[in-house]
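**Student:** Can you keep this structure in mind? I'll have questions shortly.
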Ligand code: ADP
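Residue numbers (our numbering): 11 to 400.
Structure follows, in structure tokens:
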């Protein structure tokens with residue numbers, strides 16, 4: 011029995027020793043701990059590298075930015091989906107390419123080189139492809155355990171839209187102050203003249219007072235339009251549809267502006283396709299949009315010209331066009347006239363606020379529609395909008 015017990019204990023010790031040896035072949039020739047835990051084996055290093063690769067790959071597939079990871083010779087190791095799209099690289103082709111082949115810009119390349127050299131992040135903003143885009147480029151050195159450089163992560167942000175918005179915002183503020191400052195300056199000048207008693211003639215005094223009233227009316231209208239635009243933009247303007255005919259809506263809008271057209275001896279023609287068709291539409295918003303376009307057409311058409319309004323319904327979409335034989339719009343302005351307060355230079359001093367088309371655009375868009383313009387300087391303009399019918 012004792013023999014059996016001793017045999018079992020010896021066998022158990024043997025099994026334990028074999029187990030320890032399998033884990034640490036140097037046992038018992040080295041003292042525990044067998045290795046410095048700071049010095050990973052080749053196996054753990056490969057494992058870590060594979061894990062890092064897998065994590066990077068997943069991160070870059072889901073990353074929403076433009077990211078390129080290179081090795082220390084600036085060969086591309088990983089590329090985010092957005093980077094492949096931005097630089098037009100087919101996703102299977104980025105292996106074995108270099109950074110310069112992907113970005114095709116020596117400034118980004120030399121920035122990455124300098125980050126490699128200094129082991130410090132670099133940042134710059136640059137205009138890419140002759141100013142077509144504005145990019146912010148950050149090159150971050152990737153170092154491994156012993157501060158040895160592995161490569162570079164190039165993180166790029168496309169700032170084009172942001173820069174454009176910044177410019178639009180700046181111009182908007184300039185235009186707002188211009189629109190408000192000009193009438194205020196003339197109100198002040200006229201009020202001071204009246205106060206100085208330098209005008210004794212009653213009719214001239216009346217004329218000054220009328221002009222002050224006009225300027226105040228203009229400012230009031232401007233503020234009204236700002237409120238209107240702000241309501242449409244914030245979506246707080248209700249859209250209430252009703253069954254009406256397009257013909258009746260167009261006719262009543264023409265009616266409202268007919269006397270203005272008459273002062274310039276302009277002919278308004280209405281081509282009534284689908285005019286009698288009943289449609290489910292918000293009549294107030296429809297007339298606001300059309301009146302804006304028609305008023306502009308009258309304002310920017312020389313006397314004896316003509317304006318043609320056409321309506322038709324295709325499927326469940328109502329299409330309206332307002333075509334004039336007026337002064338037209340230069341191609342450099344056409345893309346901007348729907349911006350808030352944007353006015354073509356030649357009409358900058360006109361009484362318009364530059365808000366009409368921005369309001370029209372938002373009114374169309376809140377109803378799920380689309381508005382556009384085609385124009386040739388000196389030949390006239392064609393505005394077109396379409397609204398989905400319920
Ligand atoms: P405004 O109150 O100045 O008319 P809009 O936003 O309605 O403001 O129009 C913006 C600018 O677009 C106008 O100042 C004008 O320069 C240009 N524009 C609009 N409609 C026409 C048109 N039918 N013909 C020529 N220019 C136009």
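Heads up, the beta-carbon is just placed ideally off N, CA and C, and yes, glycines get one too.
Enumerate, from N- to C-terminal direction, the unbroken beta strand (DSSP E) stretches of 3 or more residues contained entirely within the region 293-358.
**Tutor:** Listed in chain order, they are 316-324 and 327-334.
**Student:** Identify, in the order they occur along the chain, each residue of the same chain with its Cβ nearer than 8 Å to the Cβ of residue 249, setting aside the five sequence neighbours on each side.
**Tutor:** Closer than 8 Å at Cβ, skipping near neighbours: 292, 295, 376 and 377.
**Student:** Among 113, 152, 87 and 83, which residue has its Cα nearest to the Cα of residue 95?
**Tutor:** Ranking 113, 152, 87 and 83 by Cα distance to residue 95 puts 113 first.
**Student:** What residue range is occupied by the uninterrupted beta strand (DSSP E) comprising residue 253?
**Tutor:** 252-255 is the extent of the beta strand (DSSP E) around residue 253.
**Student:** Here's the rule: buried if 16 or more other CB atoms are within 10 angstroms of the residue's CB, otherwise exposed. What is residue 313?
**Tutor:** Counting Cβ neighbours within 10 Å, residue 313 comes out exposed, since fewer than 16 surround it.
**Student:** Counting only runs that start and end within the region 103-167, where is the alpha helix (DSSP H) found for 4 or more residues in a row?
**Tutor:** Here the runs fully enclosed are 109-113 and 116-128.
**Student:** Assuming residue 90 and residue 99 are in contact, meaning their beta carbons sit under 8 Å apart, how far apart are those beta carbons, in whole angstroms?
**Tutor:** With 8 Å as the limit, residue 90 and residue 99 do not qualify as a contact, their Cβ atoms being about 11 Å apart.
**Student:** For residue 193 and residue 340, what's the separation of their Cα atoms in angstroms?
**Tutor:** If I take the Cα positions, the gap works out to 28 Å.
**Student:** With DSSP collapsed to three states, give me the class of residue 389.
**Tutor:** Note: residue 389 maps to coil in three-state DSSP.
**Student:** When the Cα atoms are used, what is the spatial distance from residue 199 to residue 223?
**Tutor:** In a straight line, the C-alpha of residue 199 is about 13 Å away from that of residue 223.
**Student:** Give me, in chain order, the residues of the same chain whose beta-carbon lies closer than 7 Å to that of residue 266; leave out the 5 immediate sequence neighbours on both sides.
**Tutor:** Hits under 7 Å: 301.
**Student:** Leaving aside the five residues before and after residue 24 along the sequence, list all residues of the same chain whose C-beta is less than 7 Å from its C-beta, in chain order.
**Tutor:** With a pLDDT of 40 at residue 24, under the threshold of 50, the predicted position of this residue should be treated as unreliable, and no value is reported.
**Student:** Can you tell me which of the three DSSP states residue 374 falls into?
**Tutor:** Note: residue 374 maps to helix in three-state DSSP.
**Student:** On the three-state DSSP scale, how would you describe residue 98?
**Tutor:** It is coil, neither helix nor strand.
**Student:** Just to confirm, are residue 316 and residue 392 a CB contact at a threshold of 8 Å?
**Tutor:** In this structure, residue 392 does not lie closer than 8 Å to residue 316 by Cβ.
**Student:** Check this for me: beta carbons of residue 225 and residue 197, under 8 Å apart or not?
**Tutor:** Yes; because the gap between Cβ atoms is below 8 Å, this pair is in contact.
**Student:** Looking at residue 327 and residue 270, is the spacing between their C-beta atoms short of 8 Å?
**Tutor:** Not a contact, by the Cβ cut-off of 8 Å.
**Student:** Just list the residues that DSSP pairs residue 398 with in beta bridges.
**Tutor:** Note: residue 398 sits in a beta bridge opposite 327.
**Student:** Is the distance from the Cβ of residue 282 to the Cβ of residue 399 below 8 Å?
**Tutor:** Contact: no.
**Student:** For residue 385, I'd like the list of residues in its chain whose CB is within less than 6 Å of its CB, leaving aside the five on either flank, ordered along the chain.
**Tutor:** So the qualifying residues of the chain are 338, 339, 344 and 391.
**Student:** Over what stretch of residues does the beta strand (DSSP E) that includes residue 80 continue unbroken?
**Tutor:** Looking at the DSSP string, the run of the beta strand (DSSP E) that includes residue 80 is 76-81.
**Student:** Please state whether DSSP places residue 369 in a helix, a strand or coil.
**Tutor:** Note: residue 369 maps to helix in three-state DSSP.
**Student:** Please state the DSSP three-state secondary structure of residue 37.
**Tutor:** In this predicted model, residue 37 has a pLDDT of only 46, less than 50, meaning its place in the structure is not dependable enough to derive any value.
**Student:** Among 92, 187, 170 and 204, which residue has its Cα nearest to the Cα of residue 221?
**Tutor:** Checked all of 92, 187, 170 and 204; the closest Cα to residue 221 is 204.
**Student:** How big is the Cα-Cα spacing for residue 263 and residue 180?
**Tutor:** Roughly 35 Å separates the two Cα atoms.
**Student:** Taking contact to mean 3 or more Cβ pairs, one atom from each stretch, closer than 8 Å, check whether the region 158-169 and the region 182-189 are in contact.
**Tutor:** At 8 Å Cβ cutoff, the stretches do not touch.
**Student:** I need the boundaries of the alpha helix (DSSP H) containing residue 274, first residue and last residue.
**Tutor:** Here residue 274 belongs to no alpha helix (DSSP H), and DSSP marks it neither H nor E.
**Student:** Is it right to say residue 33 is buried, meaning 16 or more other beta carbons lie within 10 angstroms of its own, or is it exposed?
**Tutor:** Note that residue 33 scores 48 on pLDDT, short of 50, meaning its location in the model is unreliable; the coordinates nonetheless yield the value given after this. It is exposed - the Cβ of residue 33 has fewer than 16 other Cβ atoms within 10 Å.
**Student:** Quick one: residues in its chain with C-beta nearer than 8 Å to the C-beta of residue 286, no 5 flanking neighbours on either side, listed in chain order?
**Tutor:** Answer for residue 286: 255 and 257, listed in chain order.
**Student:** If you compare alpha carbons, which of 153, 134 and 51 is closest to residue 127?
**Tutor:** Ranking the options by Cα distance to residue 127, first place goes to 153.
**Student:** Exposed or buried, which one is residue 288 when buried takes at least 16 other CB atoms within 10 Å?
**Tutor:** So residue 288 ends up on the exposed side.
**Student:** Buried or exposed: which applies to residue 334, given that a residue is buried once 16 or more other Cβ atoms fall within 10 Å of its Cβ?
**Tutor:** Looking at its Cβ environment, which holds 16 or more other Cβ atoms inside 10 Å, residue 334 is buried.
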